[in-house]
Amino acid sequence: MGCVALVWAVRERSEQERETRKQRRITTWVDSVPMTAVSVTGRCHRGPTGLRAAAVVSAAVAMLVSGCGDTADDGAGRDVVVMAASSLTDVIETVFEGRDSVTPVIAGSSTLVAQLAAGAGADVLITANSATMEQAVSEGSVHGEPVLIAVNVLVLATPAGNPGGVTGLADLGRGDLLTGLCAAEVPCGTLARQALDEAGIAPSADTLELNVRALATKLSLGELDAGLVYATDARMAGLATVDAPELSDHVNGYYIASVSAEPPPHIQAVIEDFTVLGSVGAKALYAYGFLGSDRRPVWPVPA
Amino acid sequence: MRQRQRPRHIQALTAASPPDDAAEPGPARSASQLPAALTVVGFVALGLLALPIVGLLQRTPWSSLPTLLGESEVLEALRLSLVVSVAATAACVVLGLPLAFVLARRRLRSPRVARAVVMLPMVLPPVVAGTALLFALGRRGLVGQWLDTWFGVSLPFTTAGAVVAAAFVALPFFVVTVEAALRQAGDDLDEAAATLGAGPWATVVHVVLPTIRPALAAGAALSWARALGEFGATLTFAGNFPGRTRTLPLETYLALERNPEAAVAISLVLMAVALAVLVTLRDRWMPR
Amino acid sequence: MTVLLDGCVARSGWMLRVDGLEIGEGVTAVVGANGSGKTTLGRTVAGLDRLASGRLVIGDTVADDPAARVFVPAHRRSVGMVFQDHRLFGHLRVIDNVAFGLRRAGADRAAARRRAREMLDRVGLDSETWSRRPAALSGGQRQRVAIARALAPEPGVLIVDEPLASVDSSGRAQLRALIGESPARHTLLITHDPVDVATLARQLVVLDGGAVAGRGSLAEVTASPGCEWAATFLGANVVPGQAQGTAVTAETGLVLTVATEAAGPVYVTFPAHAVTLHRDRPAGSARNTWQAELQRVDVDGERARVHLGAPAEVRADVTRRSADELGLCPGLTIWASVKATELTVVT
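Residue numbers (my numbering), protein chains in the order written: chain U, 11 to 313; chain G, 2 to 289; chain A, 111 to 457.
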């Protein structure tokens with residue numbers, strides 16, 4: 011009984027803490043992304059240290075809480091559930107290949123955020139843009155501090171050989187070509203719309219795909235003549251790209267965050283697989299065509 | 002006096018008709034007992050099926066329902082869904098009826114293979130079905146490239162493509178239902194019609210089709226419901242564009258990203274329609 | 111005009127072989143044990159089964175000749191069929207069932223219905239049943255509809271498969287008369303019922319194991335039945351008479367006591383082997399005992415068929431040995447008896 015009461019008191023406390031932390035964090039990290047959070051060397055910015063103190067308190071609280079249910083341990087050998095945006099499918103597979111202790115959950119960023127809000131159990135969240143991460147934080151589903159791990163750029167992609175004779179971004183407004191974009195509801199669609207708006211191009215899209223992979227597949231099958239996909243997907247699908255300088259300012263940041271405010275070491279280790287210089291995640295991101303915010307490799311090519 | 006059973010097909014056909022004085026009375030209520038465990042697990046399973054529906058109802062924003070459903074995107078998707086599902090059902094009937102006849106009445110060299118091919122879209126993940134349709138009917142597809150070259154017809158990203166996708170996944174429901182009815186009816190009545198001077202066409206039109214009318218209705222309703230709910234194949238083959246290929250299920254999916262309440266509202270409409278169809282169907286399908 | 115069938119019909123693991131069967135005008139009864147091929151014979155004439163080899167000629171048309179690749183499908187033959195299981199169209203009202211054949215022959219709806227009403231009237235169906243659906247009819251009513259339906263288009267050949275099996279006794283006489291008066295030039299009556307044969311058939315075809323075992327007039331076939339089943343079947347005695355309670359007075363004056371009550375004109379049938387013969391008046395329980403003149407004895411192997419004359423034409427089957435012991439010879443007056451329980455009353 012005493013334990014239950016303690017948990018209750020502790021919850022009240024941590025709830026308040028969360029509120030304050032959340033507000034501060036949003037102002038800090040949202041402002042800093044996507045352009046400045048990654049330094050030129052690719053070292054990730056870790057957010058204000060002033061939050062640490064509060065985090066330590068809530069971590070202690072978390073341990074107390076978990077200690078009531080089961081034995082407190084460092085979590086080694088326990089499963090880590092990593093929710094990751096679907097554009098990271100291959101990266102995640104590469105990073106966690108052969109690691110049975112990690113369970114990846116792959117879906118669209120917004121789907122993942124919705125699942126977290128609905129109470130899905132996960133330890134780490136990786137989203138494909140800042141908006142969805144922001145949402146997860148504001149909904150209180152994520153308490154860790156989001157870190158930018160990579161960016162992805164939009165490219166104007168065509169089937170191999172460019173059968174439609176696409177020459178530039180303006181061709182997306184041509185009615186005689188079959189063109190596709192991502193739906194406005196998913197990050198790659200949001201980004202594409204921003205870019206097209208700024209370039210003053212009214213797209214005459216024939217389809218608004220629900221995820222970027224489906225768009226890339228349709229391009230690779232030659233069903234579409236042109237479309238805006240991420241560089242990584244264009245590379246994966248073997249698509250040709252057409253120079254479109256208008257796109258260069260439109261990149262998507264990939265953020266990682268721990269679900270709990272102060273993750274136990276084994277979860278922290280998984281996060282560091284992506285955030286630390288030269289980590290396995292950083293290498294995989296590079297290998298699949300993700301870039302740093304300056305559109306240079308996140309991590310210089312290893313020797 | 003030898004007591005004769007009514008022929009099976011007549012029993013099947015007339016079981017739904019009101020009881021009459023001359024025909025034998027219906028079976029009495031069975032006195033046999035069902036094992037308690039079966040009953041319990043059966044009701045648990047029923048609850049399991051009903052639970053998500055209850056969940057949906059409980060999350061339904063009833064007061065804002067008219068506003069949510071009145072959104073122009075939703076209305077557009079609803080209109081398109083009706084057009085696509087009705088057209089797909091029509092295609093199912095036009096193509097499925099002859100196919101059901103072939104399966105039920107012709108001696109096929111490998112009937113099992115033929116039947117498996119018919120059932121395939123039922124078990125194929127819809128996304129795979131859509132991809133397969135792209136391979137076959139897409140602009141670069143097996144047949145699609147010729148359609149494009151010769152007639153300038155390209156199905157993907159058109160409403161016609163959405164109809165093709167919906168018809169593809171819905172067709173088995175019609176064919177299987179009608180084929181079963183044709184088998185059950187047998188060819189007894191066909192023979193009787195032939196001895197009365199009815200040729201093959203007259204027999205089909207005046208005897209077989211009226212005889213299997215309940216199954217035709219059931220098959221059409223099932224395939225329509227399937228076409229209405231079609232998502233994966235439509236998305237993969239026909240894409241997603243408002244007013245052209247964005248049907249209600251696609252709209253629901255997008256609304257889930259945009260405004261979950263709207264998604265719930267649309268789902269409710271889809272569910273109500275499907276439920277209405279299935280309940281009406283049940284009466285014809287399993288007459289008491 | 112005749113129907114000429116010469117050939118064989120193959121079904122899985124079984125075959126009907128018919129050599130030069132000529133079906134004359136009037137009613138031809140097709141009898142035989144279950145599985146002897148009666149129904150197949152009817153279906154072949156109707157065009158529902160095909161000949162594997164041989165030839166079928168109906169009138170002056172070759173209807174089926176596989177060697178010449180000729181096959182006239184059922185709907186182009188002038189053949190009507192009354193099926194054992196009726197096969198009425200469940201979705202049509204009674205009147206439209208009967209009008210069906212006329213409609214297919216091109217009659218307009220009103221004319222077809224007019225004719226259908228006539229036919230229904232002739233088969234004795236109450237007009238209140240005409241607008242019902244077949245499911246709402248009794249077995250006997252359905253059989254009448256089936257007969258009316260088959261007869262309505264006036265087929266040249268009518269095939270009737272076990273017509274009275276599902277009809278209760280009250281309607282049998284009327285239906286039997288209907289078949290007897292069938293306007294079809296040829297009527298093929300497939301039956302199990304000795305009364306049908308005795309009252310309707312001008313000629314008889316006996317099938318046994320997929321082959322024709324005997325054919326000809328009733329007398330001819332009875333003299334030479336061709337198979338054991340037919341011998342027993344044709345050995346059945348059929349005595350017409352008037353019933354009153356359990357007593358049936360034969361037209362010849364003989365009074366038979368039966369086990370079931372009936373009234374009015376009936377047939378009493380009993381198998382030949384149920385009749386026992388005695389030199390002296392037998393004692394015992396058999397109620398039906400009479401003296402008769404012995405007309406003829408046919409010996410066939412171990413069996414002797416004894417034909418008795420007045421007061422009733424009755425056949426009795428006895429073993430050859432007892433025929434010898436009794437010293438049976440034509441002209442002898444002898445006692446015959448049969449148990450009441452062996453008698454079947456057929457209306």
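Even glycine gets a Cβ: it sits at the ideal position worked out from N, Cα and C.
Between residue 446 of chain A and residue 426 of chain A, the beta carbon gap of about 6 Å places them in contact (Cβ cut-off 8 Å). Under a 10 Å Cβ-count criterion, residue 347 of chain A is classified as buried, with 16 or more other Cβ atoms of the shown protein chains found around its own Cβ. With the criterion set as a beta carbon lying under 9 Å from some beta carbon of chain A, the members of the segment 176–208 of chain G are 189, 190, 192, 193, 194, 195, 196, 197, 198, 199, 200, 201, 203, 204, 207, 208, in sequence order. DSSP places residue 206 of chain G in the helix class (H, G or I) of the three-state scheme.
Within the same chain, Cβ atoms closer than 8 Å to the Cβ of residue 199 of chain G are found at 207, 208, the five residues on either side in sequence being excluded.
At a cut-off of 8 Å between C-beta atoms, residue 112 of chain G does not count as an interface residue with respect to chain A.
Among the CB atoms of chain G, none fall inside 8 Å of the CB of residue 433 of chain A.
Between residue 118 of chain A and residue 294 of chain A, the alpha-carbon positions lie close to 25 Å from each other.
Contact annotation: the segment 196–204 of chain U touches the segment 236–245 of chain U, with at least three C-beta pairs closer than 8 Å. Residue 344 of chain A and residue 312 of chain A have their C-alpha atoms roughly 14 Å apart. Under the DSSP definition of a beta bridge, residue 175 of chain A partners with A:180.
The alpha-carbon separation between residue 186 of chain U and residue 155 of chain G amounts to approximately 13 Å. In chain order, 146 place their CB closer than 7 Å to the CB of residue 319 of chain A, counting only its own chain and leaving out the 5 sequence neighbours on each side. Our two residues, residue 99 of chain G and residue 122 of chain G, have alpha carbons roughly 18 Å apart in a direct line. Annotation: Cβ neighbours of residue 191 of chain A in chain G (cutoff 7 Å, chain order): 196. Taken atom to atom, the span from the alpha-carbon of residue 241 of chain A to that of residue 79 of chain G is near 45 Å.
An exposed status is given to residue 202 of chain G, since fewer than 16 other beta-carbon atoms sit within 10 Å of its beta-carbon. When C-beta distances to chain G are compared with 8 Å, every residue of the segment 135–153 of chain U stays at or above that value. From the beta-carbon of residue 237 of chain G, the residues of chain U found nearer than 9 Å are 224, 227, 228.
In this structure, residue 365 of chain A lies away from residue 356 of chain A, with their beta-carbon atoms at least 8 Å apart. Around the C-beta of residue 141 of chain A, 16 or more other C-beta atoms lie within 10 Å, and the residue is accordingly described as buried. Excluding the 5 residues flanking it on each side, residue 260 of chain A has same chain C-beta neighbours closer than 7 Å at 190, 191, 192, 268, in chain order. In the three-state DSSP reduction, residue 131 of chain G falls in the helix class (H, G or I).
Per DSSP, residue 218 of chain A lies in no beta strand (DSSP E) and is assigned neither H nor E.
Within 7 Å of the CB of residue 214 of chain A, the CB atoms of chain G belong to 197, 198, 199, 203, in sequence order along the chain.
Between the alpha carbons of residue 133 of chain A and residue 149 of chain A lies a distance of about 15 Å. In this structure, the straight-line span from the alpha carbon of residue 158 of chain U to that of residue 135 of chain U is close to 12 Å. In this structure, the beta-carbon distance from residue 266 of chain U to residue 90 of chain U does not fall below 8 Å. With fewer than 16 neighbouring CB atoms inside 10 Å of its own CB, residue 443 of chain A falls in the exposed class. Around residue 412 of chain A, the same chain offers 429, 430 as residues with beta carbons nearer than 7 Å, after the five sequence neighbours per side are excluded. Membership of residue 192 of chain U in the beta strand (DSSP E) is indicated by the continuous run 189–192. The alpha-carbon separation between residue 36 of chain G and residue 46 of chain G amounts to approximately 16 Å. Residue-level contact check: residue 258 of chain G touches chain U, since one or more beta carbons of chain U fall below 8 Å from its beta carbon.
With contact defined as three or more Cβ pairs closer than 8 Å, the segment 156–171 of chain U and the segment 278–295 of chain U are in contact. No Cβ of chain U is located within less than 8 Å of the beta carbon of residue 80 of chain G. In the three-state DSSP reduction, residue 260 of chain U falls in the coil class, being neither helix nor strand.
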